[in-house]
DNA sequence: AGTATTGTTGACAGCGTTGTCATCTGTCAA
DNA sequence: TTGACAGATGACAACGCTGTCAACAATACT
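Written out as structure tokens, the structure reads:
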């Protein structure tokens, strides 16, 4: 009942261990018949290559790393789940590395981790996917990279994007279609790349509806609930407050909702609130949040596929993949009060 | 700049590789002076033992596994974070394994995973930590185990508990102290062990306040938001509905809150709502949820320490560790309406 | 027919570490 | 002084696999 090794399979199949190795690694130049013989033997013995031996002998570690900054971000579990299932299914193992993006020694500590764990490739989530010095250092180390939602669609690295900008333009147009003329916006963390595109989408949306952009209706948040609450208050305290507020993520939108409640205003009766992400929170809050669903897990799957393809040496022609985010209308948005009966 | 190996260290220190190995593994019978010489050399070369070589040559894999059932549970990130940092700091690596506890082939698939990844030890979260057949199978495989929040405090495995029962009794007494006489309760998923203790605590609390227990005020949920909403409606539809509802976790409490909102009742004006966990949701919802804070990350740290100690062969006298959960009063609970002005 | 080319297979040497066993040193009792 | 013994160190064979290279078979081209 001891674990079967490559030797056992070779003996049972009547070939050399090297041939078994070839079959296991899907190498070319093995006769169909031989291949099948080996596969049957492997199956009968429930053979599973020893990862340690593989990485010790070979040049690859069969590890991919997932780097993320903020443990508490609600979407991380989804990303992790996508990366995990995809890499596992291709025989790779996942090494998880939380890190602090504000740490001045970040590049050094990640580099050292990459070397000591010897990962073949790395998947970066925002805001790490935007840190040029980090990317450069990792390139130099020779690790393959795949980026999730970087701000800048440079072609140097394989990246997965969502159409943040278009989706936000759509959300804005939707709000306008409900009669809102003064729409507040809460910007996300400035270092968190792709989230900046949401602001651009907001402006696009305003523009395409012929509404003039008003700088006073835009406040700077930092992706946290607390910052959303603060910005919400600042917007509602304006002389001519907005009738709708669009926040760059759901956490901040929830913060805005709290501000609205604290002012004893009704949602969406007095103020409509919209978010972005479709975090679990969005549907569990009252009233349920109108938001934009970003298929995080799918993005992670795509990014991992990108990475693995690259590790296999396949030179895909396309380095970028865009995944559509979609508007989800729930209860937190409604007609503009001034336009109602 | 290539990675230093044990050979390099041995040469620099002027000893054999075996001695370096002894020092690295803190083995006995090495002269102080020799030990120091080796340590200096290792430091100078930034030597880090190759994990693959270690596990290939030795009997241990330096991997601990984390098994969990439900990817979406909000506390998983915290658990993972605790396990990760603790095991990493002791030179162990983490292998994550999401699984489906309702899968009839669960035991088989986990066993095979344990063998193929060859983990030295495993940390189980609910409801996996309660599945006797699984525990038995893993015991037979010879893996060390540490359980997080199992229902049954058997002494066979090292486990970490919270005082769910006491904390819930306290919450119940708190609600009674606010004048509530009819307190509804939403039970958690029946397979999710420790959560059952919360129901016991609720009954304890009622008892210690001299309130009679009313079976009609108790509804069975399954830990999800949706089940909380459903139970909330069933409770509020009673002829003599409760003035406070205590749900076994925050997700269900949020569901109850939605039900209350849908009935156009005020929180806590008409109905008080309380939860358990102190998930992020609890403080981001309006009104912020009164709940019980369960220090998940700390539990994970303790469980991991347990496991690592066991792997090191230290036979601790105590196999159990209890961590205190604490009441967090926020805005969703208030005086009973009938008792007010 | 002979030669070059391509496809298929195996022998064997590592990869960096630990486990086993042998060797060497020094200490202590007889 | 000798022998016994524990402590300290090293030589060397694994561990299970991949990479390299050589050998051979089959096919295509002169």
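Chains as they are written, first to last, in our numbering: chain G, 1 to 341; chain F, 342 to 682.
All residues carry an ideal CB built from backbone N, CA and C; glycine is no exception.
Note that the structure is a prediction, hence the values are computed from the model and not measured.
Can you tell me whether residue i is buried or exposed, with buried defined as 16 or more other CB within 10 angstroms of its CB?
i	result
residue 370 of chain F	exposed
residue 249 of chain G	buried
residue 105 of chain G	exposed
residue 373 of chain F	exposed
residue 414 of chain F	buried
residue 348 of chain F	exposed
residue 487 of chain F	buried
residue 562 of chain F	buried
residue 482 of chain F	exposed
residue 70 of chain G	buried
residue 466 of chain F	buried
residue 400 of chain F	exposed
residue 103 of chain G	exposed
residue 579 of chain F	exposed
residue 190 of chain G	exposed
residue 571 of chain F	buried
residue 297 of chain G	buried
residue 494 of chain F	exposed
Per DSSP, what kind of secondary structure is residue i in: helix, strand or coil?
i	result
residue 681 of chain F	In this predicted model, residue 681 of chain F has a pLDDT of only 46, less than 50, meaning its place in the structure is not dependable enough to derive any value.
residue 210 of chain G	coil
residue 181 of chain G	coil
residue 359 of chain G	Residue 359 of chain G falls outside the range modelled here, since chain G spans only 1 to 341, and no answer is possible.
residue 485 of chain F	strand
residue 294 of chain G	coil
residue 542 of chain F	helix
residue 401 of chain F	coil
residue 569 of chain F	helix
residue 52 of chain G	helix
residue 649 of chain F	helix
residue 470 of chain F	helix
residue 516 of chain F	helix
residue 490 of chain F	coil
residue 365 of chain F	helix
residue 475 of chain F	helix
What first and last residue would you give for the beta strand (DSSP E) that runs through residue i?
i	result
residue 322 of chain G	320-323
residue 578 of chain F	Residue 578 of chain F -> no beta strand (DSSP E), and no H or E assigned at all.
residue 98 of chain G	93-98
residue 560 of chain F	559-561
residue 107 of chain G	Element bounds for residue 107 of chain G: not the beta strand (DSSP E) but the alpha helix (DSSP H), 106-117.
residue 124 of chain G	121-124
Return the first residue and the last residue of the alpha helix (DSSP H) that residue i is part of.
i	result
residue 44 of chain G	32-45
residue 423 of chain F	417-430
residue 602 of chain F	591-603
residue 11 of chain G	6-13
residue 623 of chain F	621-625
Hey, out of the options, whose CA is closest to residue i's CA?
i	options	result
residue 208 of chain G	G:242, G:171, G:216 and G:239	G:171
residue 509 of chain F	F:676, F:343 and F:666	F:666
residue 533 of chain F	F:515, F:541 and F:470	F:470
residue 268 of chain G	G:288, G:94 and G:83	G:288
residue 97 of chain G	G:110, G:133, G:181 and G:24	G:110
residue 538 of chain F	F:392, F:492 and F:449	F:492
residue 393 of chain G	G:304, G:328 and G:317	Since the first residue shown for chain G is 1 and the last is 341, residue 393 of chain G is missing from the structure and cannot be characterised.
residue 134 of chain G	G:158, G:159, G:116 and G:108	G:108
residue 12 of chain G	G:176, G:26, G:47 and G:173	G:47
residue 584 of chain F	F:472, F:655, F:524 and F:496	F:524
residue 454 of chain F	F:428, F:406, F:464 and F:363	F:406
residue 429 of chain F	F:671, F:654, F:648 and F:673	F:648
residue 551 of chain F	F:518, F:394, F:485 and F:484	F:518
residue 379 of chain F	F:397, F:357, F:391 and F:393	F:357
For residue i, which beta-bridge partners are listed by DSSP?
i	result
residue 246 of chain G	G:185 and G:274
residue 503 of chain F	F:664
residue 67 of chain G	G:97 and G:124
residue 669 of chain F	F:632
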